[in-house]
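Asks: Residue numbers (our numbering), protein chains in the order written: chain A, 1 to 220; chain B, 1001 to 1393; chain C, 2001 to 2163; chain D, 3001 to 3351. Mind looking over this structure? Questions follow.
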Amino acid sequence: MSPLSSTETPIAEIPGDTLRERIIDDLRTRIGADLLDSLLKPGDDLWVRVSTSAWRQTGVALRSMGFEYFCFLSAIDWMPSPFGKGEDDPTAPPVERDDTVRQGYAGGATRMQLLARVVHPSLHVGVNIKCDVSDSEPVVESWSPIFAGANWHERETHEMFGIGFAGHPDLRNMYLPSEFEGHPLRKDFPLLARMVKPWPGIIDVEPMPGGSDDEEGEAE
Amino acid sequence: MTSTESLIDRKQLAYIASQAADARLNVELETEGMTLNIGPQHPATHGTLRIIAHLDGEQVVWAEPSCGYMHRGYEKLTEVRTYPQVTSLVNRIDWLGSFANEVPFILAAEKLMGIEAPPRAQWIRTILFELSRIANVSLFLGDLGVQLGAVTPVFMAFRDREHVLNLIEAATGGRFHPNFDRIGGLKDDLPEGFIDETRAVMKKLRNFCTEMEDLLFGNEIFQSRTRGIGVIPKDIAMQYGLSGANLRACGVDWDLRRDQSLPMAWDKVDWKVWTHPDGDSFARCWIRLQEVRESTLIVDELLKSIPSGPVMAKVPRIIKVPEGEAWVSTENPLGEMGYYVVSKGDLGPFRTKIRSASFNNISIVPWVLKGVYVPDIITILASLYFILGDIDR
Amino acid sequence: MPKIPGLLKGLGVTLNTIKRTALDGANTVQYPHEKEAPPVRARGVIALHEDNCTSCMLCVRSCPDWCIYIEGHKELAPPRRAGGKPRQVNKLDRFDIDYALCMYCGICVEVCPFDALFWSPEYEYSEPNLADLLHDKVKLGEWMATVPEAPAYEVGAEKKGKK
Amino acid sequence: MSALLAADLPYWVQSLLRVLGGVVAVLLPAGAIVYLFLFKMMSFMQSRLGPMEAGPYGSMQLFAEVGKWLQKEDITPERADRVIFKIAPLVVLASTFLLVAVVPFGPDAWFTNFEAGVFYMLAVSSVSVLGILIAGWSSANKYSLLGGLRAAGQLIAYELPMVLAVIGVIIQAGTMNLQGIVMAQNTGEIFGWNGLGNPYILTQFTGFIIFMIAVQAELTQTPFDMPIAESELVSGYMTEYSGFRFLTFFIAEFATAGVFSFIASVLFLGGWGVPFAWFGWTDIDSVDNWMNVVGPLIMFGKMMLLSFVIMWVRFSYPRFREDQLQRFAWKVLVPISLVNIMVTAILKVAL
């Protein structure tokens, strides 16, 4: 039993951009050319993209750099949804949708990207790490031996995006029944709630019976 | 890395050794294990969480939470909604502190748009944020009593939380789901009489905290049930991404309200981050109690200095967020709640990763439940404090 | 002063609460007999001022749950000024809100450009049957009577009393 | 009910009166405790009013509840041991009735009055353990099983401090007859002053505290309610019971609380009696007949006082853990009560 206690520390210095630059340099010395790209938004945040093969190594490097706090791990599917928002008029001609895959910060080459964030608990600075996941063989090395908390996040990502994690102890589904087919957070997985019901937003105002097309004063 | 792993290893080795000793005894006594399903419908899970516990007598050999009974797919749903519609959705993630859920999302969108809410809006946001923390955590304090077998605290918690909910409702119109935060500010200004009313309520809440201290925290039975139970070391907590009071109870002095610069009013007042060195169930609960009291003080301070002016910045009528990515997390009642918003310049987000506190907080359960007794499962779960909507999203 | 054991303190708290409840009254309200008045801004139910609605579909489209249904027709209305041409207006045929789906976010009320939708703090409209929660424009119109005046603002607010 | 009547009445009337008296002596305290303490006192502790709709101030609520339970379907789990499952609540309730049989309510108002009353009381109070254990076992439910086992361990552990606490009283009174203990207290004197008699709560205060703690555990009330532990074991051994059988458990719980309070007031608070010196009585035969009417009322008052304490503690405290409870019983209560016995015995011999 230790006594009740509290600490009163002054407001920590808000991490600056020089600190973030140092982090990039430090990481580059540790993983070398596997650091493919980085983006530093001044006064905001830091994005780093590493090669797929160096994913595990990056985790180890970040841990040893003091980024001990595991925030989250997830993925992004960069393909635009072929279904839109489900707000289409079925009577109108189908809308053209832009289906080019455009990656976000720190670039990328594949449709799927892994995204994780770790934080340095005493410097109060975080890093967003991205890595490409190939479509043909979507398997990345698991982070769960480095960050125990990645276990569940990887399970979730596996379930939602269909990305495999080599070395993960137990890639069961977290949310969905085990016989569920498909990966719900992929963009080509339709959101059924928006499919089963017609969009009520289609204008349903009967015109004047044989009336003139005089639109004056309509917007009363 | 090595130190942490060796710690886990040591703990596990010790555990395996004790298990082996038990097993030898069990062979002599011819006992066999039993699998106990706690939940999905169980009074202790307040929601539909299922804990599969393999027991040897009343001791847990291994336990594993099985979630997903309440998975609503919010990350998918945000992709078909516009930014104003998303706030009404993310309200429902941690339904006890709804307003706090809206703030990081709105801040992320504002960050992408490069706008900032006017000072008065920031103040009111912070006040409502703290009010929702009080509403959330005061219920935790009451619920804690129920989990440990004391029936009275929960009613006291509901009694005093009611005042806070009334305040939130008077200001926002919604008791549980305010949906009051807008990109660029707030939907409306405060109604007349809010400030005086809030002061009176904060006094009641501080009184409630004292009552809880006398009724529950000072109680020797409560202490013997929670002290030394479910100890989480600092580095394990970090690895699992525990946040909020759970992390501070391990002695980590980290509060996102203080340790990052957000366009909110926390840095305008003087307050204290509470930590506790023990890392056990008692520490977690105790930190929360102190934080409720601290929150009431923050609210009082903010009410004194609330600036006048507009509550809404100039934003276009139809909100399109420029292309980009943003991560904003805040110190929510349950812990670090963050949104990773990816925008493609559309009316709605392209992808939103919702990092909810309870998901990480509960992922440590298999680790921490090893070797405890059945009653301690309940204590530990209660002290980790999760909300189902926050785990499953 | 010696420390009072926590066990006795706890008993004191409950005894004190008994005393308070007995003397100052309970914190609960005996619901069907007495009712608490919800605050003015409370989002109880959405009321419709039918004459103001132009079936512009803004509310329907902004609804996150797709729970509003509008149908209408065009009609000639008397001219605004004497001697003018009769105007063509949109008349509502159907305005349904499915309260089984509604999540009370209030976006429809906010986006309405013609002040046709209002929040009323009325809350007693539960139904034993889920389907009965689909309320039509007549029912929504009846709630207009319960829409309160907007409250005054707190000191320091920029705007003064508005809807 | 009364020994005075015994001479004049046929045997079957006596038996009938005893049965009726027993039912009243069990159900009346149960009803009073449930209404006053469970419904009203708990509500007031929690800043609410409790049931208000059924009857004035909800006074008829208990009947409404009973009606509700009687209407409910009596479900037996498919894999339960049917016969035992059905008997279990009756066994628990039966122990309550057996207990009340030895409680004296007045000089002549008793059901049975036999010499080893305390011994009998301690013996039959353990019967309920049997009922709880078989209820837990026969439900074919893991929660029930855990609850039943916890109950067995707990009730056996607390039987011992209870017995040891009572031994002090027996030594001081020099009799195991409950009526005799009442006599001894009311005719006793404190240092020659007999204005209060000598209620054993004064001399046996340690014993009283231990006895009340043991009663609390015996009744499985918080802080010793691990066998029920609704946040852990749902409802422990009662999980699978519904309708009438649950009602039986419910009645048994509160009736036993009442009966144990009766017993505690007999052992420590002077029972039905008033200090005999007030009216110049010297022994049981000289007690006026009206005490047969006033005695039960005094008993009822003392019972309510003690059940108030039991319920007050119940609604204020969180619960122990099973191993802490055992440790408390064996390492704290048993040694203290042994010391208490020794001190009592030495003083008894010395004085």
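The beta carbon of each residue, even a glycine, is placed where N, CA and C say it ideally should be.
1. In chain order, what residues of the same chain have a beta carbon less than 7 Å from the beta carbon of serine 3002(D), not counting five sequence neighbours either side?
2. Going by beta carbon distance, what residues of the same chain come within less than 8 Å of leucine 1055(B), once the five residues before and after it are set aside?
3. Looking at the C-beta of glutamine 1085(B), does it have a partner C-beta in chain C at a distance below 8 Å?
4. Touching or not, the segment 38–49 of chain A and the segment 127–141 of chain A, by the rule of three or more beta carbon pairs under 8 Å?
5. When you compare each of Val205(A), Ile76(A) and Asp132(A) to alanine 54(A) by their alpha carbons, which one comes out closest?
6. Could you tell me how far apart the beta carbons of isoleucine 112(A) and isoleucine 163(A) are, in whole angstroms, since I believe they sit closer than 8 Å?
7. Give a yes or no on whether 8 Å exceeds the smallest Cβ distance from cysteine 2059(C) to chain B.
8. Which one of Pro121(A), Ser81(A) and Glu141(A) has the shortest CA to CA distance from arginine 97(A)?
9. Glycine 3273(D): buried (16+ other C-beta within 10 angstroms of its C-beta) or exposed?
10. Glycine 1073(B) versus chain A: which residues are under 7 Å apart at the beta carbon?
11. Helix or strand or just coil, what does DSSP make of leucine 115(A)?
12. In whole angstroms, give me the CA-to-CA distance for serine 144(A) and alanine 1100(B).
13. For histidine 2073(C), which residues in chain A fall below 7 Å Cβ to Cβ?
14. Any C-beta of chain B sitting closer than 8 Å to the C-beta of lysine 2163(C)?
15. Starting from the C-beta of valine 3334(D), find all residues in its chain whose C-beta is less than 8 Å away, skip the five residues before and the five after it, and write them out in chain order.
16. So, are the CB atoms of proline 2038(C) and proline 2151(C) less than 8 Å apart?
17. Helix, strand or coil for cysteine 1209(B)? Go by DSSP, reduced to three states.
18. Quick one: which unbroken beta strand (DSSP E) runs of 3-plus residues sit fully inside the segment 3091–3174 of chain D? Chain order, please.
19. Assign serine 1261(B) to one of two classes, buried (16 or more other C-beta atoms within 10 Å of its C-beta) or exposed (fewer than that).
20. Checking contacts by CB at 8 Å: is glutamine 2088(C) closer than that to chain D?
21. Could you check if serine 1343(B) is buried or exposed, using at least 16 other CB atoms within 10 Å of its CB as the buried criterion?
22. Specify whether the segment 3241–3254 of chain D and the segment 3286–3301 of chain D touch according to this definition: at least 3 beta carbon pairs, one from each stretch, less than 8 Å apart.
23. Would you say methionine 3045(D) reaches chain B, if we count a Cβ-Cβ gap shorter than 8 Å as a contact?
24. Determine the burial state of asparagine 3289(D): buried for a count of at least 16 other Cβ atoms within 10 Å of its Cβ, exposed for fewer.
25. Taking C-alpha atoms, which residue in Gln3179(D), Glu3065(D), Trp3278(D) and Leu3098(D) lies nearest to phenylalanine 3114(D)?
26. Could you tell me whether the segment 3278–3285 of chain D touches the segment 3203–3220 of chain D, where touching means 3 or more Cβ pairs closer than 8 Å?
27. Taking the alpha-carbon of serine 1224(B) as reference, which of Val3092(D), Phe3111(D), Gly3055(D) and Arg3327(D) has the nearest alpha-carbon?
28. What residues of chain B sit near alanine 3229(D), judged by a beta carbon separation below 8 Å?
29. By a C-beta neighbour count over all protein chains shown, 10 Å radius and 16 as the cutoff for buried, is serine 212(A) buried or exposed?
30. With distances taken Cα to Cα, identify the nearest neighbour of proline 1118(B) among Glu1336(B), Pro1263(B) and Gly1279(B).
31. Which residues bound the beta strand (DSSP E) around asparagine 2090(C)?
32. Comparing alpha-carbon positions, which option in Leu3122(D), Leu3145(D) and Ala3025(D) lies nearest glutamate 3240(D)?
33. Confirm, please, whether the CB-CB distance from serine 3128(D) to valine 3092(D) is below 8 Å.
34. Answer yes or no: does any C-beta atom of chain B fall closer than 8 Å to that of leucine 3146(D)?
35. Determine the contact status of phenylalanine 3044(D) and methionine 3311(D), defining contact as a CB-CB distance below 8 Å.
36. Taking the straight line between their C-alpha atoms, what separation do you get for leucine 27(A) and serine 1281(B)?
Replies: From the atom records:
1. Legend: pLDDT at serine 3002(D) = 46, less than 50; position of this residue unreliable, no value from coordinates given.
2. When the five nearest sequence neighbours on each side are left out, the beta carbons in the same chain lying within less than 8 Å of the beta carbon of leucine 1055(B) are those of Gly1033, Met1034, Thr1035, Leu1036, Val1061 and Val1374, in order along the chain.
3. Glutamine 1085(B) counts as touching chain C.
4. With a cut-off of 8 Å, the segment 127–141 of chain A and the segment 38–49 of chain A count as touching, because enough Cβ pairs lie within range.
5. Nearest in C-alpha terms to alanine 54(A), of all of Val205(A), Ile76(A) and Asp132(A), is Asp132(A).
6. Strictly speaking, residue 112(A) in this sequence is methionine, with isoleucine absent from that position. About 6 Å separates the beta carbons of methionine 112(A) and isoleucine 163(A), which is inside the 8 Å limit, making them a contact pair.
7. It does not: the Cβ of cysteine 2059(C) has no partner Cβ on chain B nearer than 8 Å.
8. Taking only the C-alpha atoms, the option nearest arginine 97(A) is Ser81(A).
9. With 16 or more Cβ atoms within 10 Å of its Cβ, glycine 3273(D) is classed as buried.
10. Here the neighbours are Pro184.
11. Shown here, leucine 115(A) sits in a strand according to DSSP, grouped into three states.
12. A straight-line Cα-Cα distance of about 30 Å links serine 144(A) and alanine 1100(B).
13. Under the 7 Å cutoff, chain A gives Val205 and Glu206.
14. Caution is warranted here: a pLDDT of 41 is assigned to lysine 2163(C), below 50, making its placement in the model unreliable, and the coordinate value is therefore given only provisionally. No, lysine 2163(C) does not count as interfacial toward chain B.
15. Counting only Cβ-Cβ distances below 8 Å, and skipping sequence neighbours, we find Leu3160, Pro3161 and Leu3164.
16. Cβ distance not < 8 Å, so proline 2038(C) and proline 2151(C) don't count as in contact.
17. Residue state, collapsed to three classes: helix.
18. Complete beta strand (DSSP E) runs here, min 3: none at all.
19. Exposed: under 16 other Cβ atoms inside 10 Å.
20. Chain D contact via Cβ: absent.
21. By the neighbour-count criterion, in which 16 or more other beta carbons inside 10 Å mark a residue as buried, serine 1343(B) falls on the buried side.
22. Touching, no, given that fewer than three Cβ pairs across the two stretches are closer than 8 Å.
23. True, the Cβ-Cβ gap to chain B drops below 8 Å.
24. The Cβ neighbour count for asparagine 3289(D), taken over all protein chains shown within 10 Å, is under 16; the residue is labelled exposed.
25. That would be Gln3179(D), whose Cα lies nearest to the Cα of phenylalanine 3114(D).
26. They do not touch, by the three-pair rule.
27. Ranking the options by Cα distance to serine 1224(B), first place goes to Arg3327(D).
28. Under the 8 Å cutoff, chain B gives Gly1149 and Pro1375.
29. Residue placement at serine 212(A) is poorly supported in this model, since its pLDDT is 49, which falls under 50; the coordinates are not used for a value here.
30. Comparing Cα positions, the closest option is Pro1263(B).
31. Residues 2087–2098.
32. Of the listed residues, the one whose Cα sits closest to glutamate 3240(D) is Leu3145(D).
33. Less than 8 Å divides the Cβ of valine 3092(D) from the Cβ of serine 3128(D).
34. Using a Cβ-Cβ cut-off of 8 Å, leucine 3146(D) counts as an interface residue toward chain B, since at least one Cβ of chain B sits closer than that to its own.
35. Going by beta carbons, phenylalanine 3044(D) and methionine 3311(D) fall outside the 8 Å limit.
36. Straight-line spacing of the CA atoms in leucine 27(A) and serine 1281(B) works out to 37 Å.
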